[in-house]
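Residue numbers (this note's numbering): 74 to 229. In this text, a Cβ means the ideal position worked out from N, Cα and C, and glycines have one as well.
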């Protein structure tokens, strides 16, 4: 199978740094919905980062202080990461989906291998920075309704 997702976005999402996106998703993973998250950030009252991959949620408070409209749009309408790294993609997948992925860093074959459902794939794809794509891989997935994918740099 050599399906590759193509970028065809109809609405432009705000852009977040990879770190801000990871911190945002770490707070969401604690069970806060969008409105509650925005209220708590505005009050400076975020839950403790105990047990999270991220140990400090302060970058979210800084983003709110410096660009409140960007944070609000990111929470309510989604975002795109400005620049992805292999490690950042791996961390985002772990926080958002609770999945372990395999990172390959060897030049020419770098990528992040992970099994995703169609819904997970469709949530991840628009978040990736320009220059990254998701390619379906052959093989059986261990999870029901999941497919093996690799998140890879676009090669021109």
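Of all the options the options, which has the alpha carbon lying nearest to the alpha carbon of residue i?
| i | options | result |
| --- | --- | --- |
| residue 142 | 92, 114, 166 and 169 | 114 |
| residue 224 | 158, 170 and 213 | 158 |
| residue 229 | 203, 174, 209 and 117 | 203 |
| residue 208 | 110, 226 and 128 | 226 |
| residue 128 | 190, 177 and 100 | 100 |
Would you give the residue range spanned by the beta strand (DSSP E) that residue i belongs to?
| i | result |
| --- | --- |
| residue 185 | 184-190 |
Using DSSP with H/G/I as helix, E/B as strand and the rest coil, what is residue i?
| i | result |
| --- | --- |
| residue 169 | helix |
| residue 206 | strand |
| residue 227 | coil |
| residue 116 | helix |
| residue 177 | strand |
| residue 131 | helix |
| residue 162 | helix |
| residue 86 | coil |
Would you check if the distance between the CB atom of residue i and the CB atom of residue j is smaller than 8 Å?
| i | j | result |
| --- | --- | --- |
| residue 155 | residue 90 | yes |
| residue 187 | residue 166 | yes |
| residue 222 | residue 194 | yes |
| residue 241 | residue 87 | The structure shown does not extend to residue 241, since the chain is modelled only from 74 through 229, so no value can be given for it. |
| residue 132 | residue 92 | yes |
| residue 168 | residue 122 | no |
| residue 220 | residue 189 | yes |
Along the chain, where does the alpha helix (DSSP H) that runs through residue i open and close?
| i | result |
| --- | --- |
| residue 147 | 141-150 |
| residue 97 | 91-101 |
Can you list, in chain order, the residues of its chain whose CB lies under 6 Å from that of residue i, leaving out five sequence neighbours each side?
| i | result |
| --- | --- |
| residue 144 | 136 and 137 |
| residue 234 | This structure gives no information on residue 234, because the portion of the chain shown stretches from 74 to 229. |
Suppose the cutoff is 8 Å on Cβ atoms and the five residues either side in sequence are ignored; what does the same chain contact list for residue i look like?
| i | result |
| --- | --- |
| residue 205 | 157, 162, 224, 225, 226 and 227 |
| residue 105 | 113 and 120 |
Is there at least one Cβ from chain C nearer than 8 Å to residue i's Cβ?
| i | result |
| --- | --- |
| residue 129 | The chain labelled as chain C is not found in the depicted structure, where only one protein chain is given. |
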